[in-house]
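Enquirer: Throughout, the numbering used here is defined as the position within the sequence shown, counted from one, plus 5. Every residue gets a Cβ at the ideal spot worked out from N, C-alpha and C, and that includes glycine.
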Amino acid sequence: MRQIHYSEQTLPFFFKKKKVCCKLTYGVSIILVEDYKRTSKNVVSENQNAPADNEVRISHSKIPTYVDVGLKLLQEEKKKHVVIVGKGQNVNKTVTVVEMIKRKMQGTLHQYTQIGSASVVEQWDPTIDKELDSVEINKKVPVIMIYLSFEEMPELDATSGHQAPTGPDVY
C-alpha cells in the first residue's frame, strides 16, 4: 500500500484529481485514486418519478433523437408546452436541443429557463487492498429545465429567465 503520512493540521480531508486522504488517529494518509473504483452513482432526490407526458429528459442519446421527440410533442401531439431537462454533463446538450427545436419551429416559441443543482452520492470501493475503507462522496451536479411554450406562462416569470419568440425573420 502506497502511503505518505502528514500531520492532521497540514492536510485536511479531501478528494481531488489524483489523491484520496483518509483521516486517521495518528495523522492523514494519502492513497492514490488508482486504488479505488466507482461502484455506484446515485442521484439523491425524493421526486425521482417517471417523466411527464410533455417532458424530455436528456441523457446519452444523440441530439437529433431529442429534437425529433420535442418536435413530435409540439407539432403532432399538440402539447401547449414542453419541458426539456438535463443534468450534469448533459446541460450543454440540453441547450443545443432547445435551440434546434426553436429554429425548426421558426421562432414561434417562448423559452423559460431554470437552473439549479441536484445531489449525487458516489460510492468508491478499493480495487486491490481490502484494508482501505470505502469512500462516499456527496457532489452537486448542475440541472437545467427549459420550458418551450406557444403562449406566455406568467406563473414561471418569477422563477425563470424568459426569452420571447424571435419570429421567423431571424431564422
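Taking 9 angstroms as the threshold (C-beta atoms), are residue 69 and residue 90 in contact?
Expert: Not closer than 9 angstroms, so no.
Enquirer: Are residue 173 and residue 113 closer than 9 angstroms when you measure CB to CB?
Expert: Yes; because the gap between Cβ atoms is below 9 angstroms, this pair is in contact.
Enquirer: How should residue 47 be labelled, buried or exposed, when 16 other C-beta atoms within 10 angstroms of its C-beta is the threshold for buried?
Expert: By the 10 Å Cβ count, residue 47 comes out exposed.
Enquirer: Since residue 143 is in the beta strand (DSSP E), which residue starts that stretch and which ends it?
Expert: It spans 140–154 - the beta strand (DSSP E) in which residue 143 sits, taken as one unbroken run.
Enquirer: Which of the three DSSP states is assigned to residue 131 in this structure?
Expert: Residue 131: strand per DSSP, three-state reduction.
Enquirer: Which class does residue 119 belong to by DSSP, given the choice of helix, strand or coil?
Expert: Residue state, collapsed to three classes: strand.
Enquirer: Using the C-alpha atoms, what's the distance from residue 141 back to residue 18?
Expert: Only weak support is given to the placement of residue 18: the predicted model assigns it a pLDDT of 45, under 50, and the value that follows is read from those uncertain coordinates. The straight-line gap from Cα to Cα measures roughly 13 angstroms.
Enquirer: Threshold first: 4 residues or longer. Then list the alpha helix (DSSP H) segments lying entirely within the segment 45–76, N to C.
Expert: Counting whole runs of 4 or more residues, the segment 45–76 contains the alpha helix (DSSP H) stretches 68–76.
Enquirer: Is the segment 77–91 touching the segment 137–156 in the sense that three or more CB pairs, one from each, lie closer than 8 angstroms?
Expert: Segments in contact, yes.
Enquirer: Is residue 71 near residue 98, with beta carbons less than 9 angstroms apart?
Expert: For residue 71 and residue 98, yes; Cβs fall inside 9 angstroms.
Enquirer: What does the alpha-carbon distance come out to for the pair residue 3 and residue 136?
Expert: Because the chain spans 6 through 176 in this model, residue 3 falls outside it and cannot be assessed.
Enquirer: I need the boundaries of the alpha helix (DSSP H) containing residue 109, first residue and last residue.
Expert: Start and end: 96–109.
Enquirer: When you compare only the Cα positions, how much space is there between residue 54 and residue 170?
Expert: Answer to the nearest angstrom: the Cα atoms are 31 angstroms apart.
Enquirer: Output needed for residue 95: all residues of its chain with C-beta closer than 8 angstroms, excluding positions within five of it in sequence on either side, in chain order.
Expert: Same-chain partners within the cutoff: 63, 64, 65.
Enquirer: Might you give, ordered along the chain, the residues of its own chain that have their beta carbon closer than 7 angstroms to the beta carbon of residue 150, omitting 5 neighbours on each side?
Expert: Correct list, in chain order: 88, 90, 119.
Enquirer: Would you identify the three-state DSSP class for residue 112, choosing helix, strand or coil?
Expert: In this structure, residue 112 counts as coil in the three-state DSSP scheme.
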